[in-house]
Amino acid sequence: MEPVTILAALLGLVVLGVVLGAVHRARSGRVASAPSRQDPAIDPGELVPGAVLGTRATVVQFSTDVCTRCPAVRRMVGELAQQRPGLAHLDVDLTHRPDLAARFRVRQTPTLLLLDRDGVPRSRIGGAPTRAALTIELDRLQET
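Numbering (numbering that gives the first Met the number 0), first residue to last: 0 to 143.
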């Protein structure tokens, strides 16, 4: 094989990797509204024994032991829960609960489900959200 062909192939692979990485990064942490159909309410006790819903909203964070971004997201959501009366934060470790990963279609961690006061999923965030994006979504959710 010609050295120029090898160099062109390697350059092409690098460009492809950069493009795929940029697309993945752009999609991570985006807020997606729940489907328009009426999803059933989630019982927080099934996720975390003894847990209760927030009186205004609940953030369910799905994490794993090996997730590097989960601790920072956990701290951020915990701070927001302290600042916002009626907001609960449930942290679910999927390491020991793969059944929940399948049930809630968690494909990456962290994944956040934003529930209304009745426990109905209203939004979903796959990946680590920015504080601004999460704050906007919580404002919208807590107004309803």
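For every residue, glycine included, the Cβ atom is placed at its ideal position computed from N, Cα and C.
Is residue i helix, strand or coil when you go by DSSP?
{"i": "Pro48", "result": "coil"}
{"i": "Gly125", "result": "strand"}
{"i": "Ser35", "result": "Caution applies to Ser35, whose pLDDT of 48 falls short of 50 and renders its modelled position unreliable; the value that the coordinates give is listed next. In the structure shown, Ser35 sits in coil (DSSP, three-state: anything other than H, G, I, E or B)."}
{"i": "Val65", "result": "coil"}
{"i": "Pro120", "result": "strand"}
{"i": "Val59", "result": "strand"}
{"i": "Thr108", "result": "coil"}
{"i": "Ala87", "result": "strand"}
{"i": "Asp115", "result": "strand"}
{"i": "Asp138", "result": "helix"}
{"i": "Asp98", "result": "helix"}
Could you give the C-beta distance for residue i and residue j, rounded to a whole number, given that I count them as a contact under 8 angstroms?
{"i": "Leu112", "j": "Arg123", "result": "6 angstroms"}
{"i": "Leu52", "j": "Ala87", "result": "6 angstroms"}
{"i": "Arg68", "j": "Ala127", "result": "4 angstroms"}
State yes or no: is the beta carbon of residue i nearer than 7 angstroms to at least one beta carbon in chain D?
{"i": "Gly77", "result": "In the structure shown, chain D cannot be found, because there is only a single protein chain."}
Indicate, with yes or no, if the ligand PLP has a heavy atom lying under 6 angstroms from the CB of residue i.
{"i": "Thr54", "result": "By its list of ligands, the structure shown contains no ligand whatsoever, and the ligand PLP lies outside what it can speak to."}
Alpha carbon to alpha carbon, what distance is there between residue j and residue i?
{"i": "Gln141", "j": "Val59", "result": "15 angstroms"}
{"i": "Asp98", "j": "Gly11", "result": "40 angstroms"}
{"i": "Ile41", "j": "Ile5", "result": "54 angstroms"}
{"i": "Val91", "j": "Phe61", "result": "5 angstroms"}
{"i": "Arg39", "j": "Gly85", "result": "Arg is not the amino acid found at residue 39; the sequence shown has Pro there. So the two alpha carbons sit approximately 21 angstroms from each other."}
{"i": "Gly125", "j": "Thr54", "result": "24 angstroms"}
{"i": "Arg116", "j": "Val65", "result": "31 angstroms"}
{"i": "Pro70", "j": "Thr134", "result": "18 angstroms"}
{"i": "Leu114", "j": "Arg139", "result": "12 angstroms"}
{"i": "Ala101", "j": "Arg121", "result": "19 angstroms"}
{"i": "Arg107", "j": "Met0", "result": "The sequence given here has Gln at residue 107, not Arg. If I take the Cα positions, the gap works out to 40 angstroms."}
{"i": "Ala132", "j": "Ala56", "result": "16 angstroms"}
{"i": "Gln81", "j": "Arg96", "result": "27 angstroms"}
{"i": "Val14", "j": "Ala7", "result": "10 angstroms"}
Are the CB atoms of residue j and residue i within a distance shorter than 7 angstroms?
{"i": "Pro43", "j": "Leu9", "result": "no"}
{"i": "Thr94", "j": "Thr63", "result": "yes"}
Does the count of Cβ pairs from the region 64-79 and the region 43-51 closer than 8 angstroms reach three?
no
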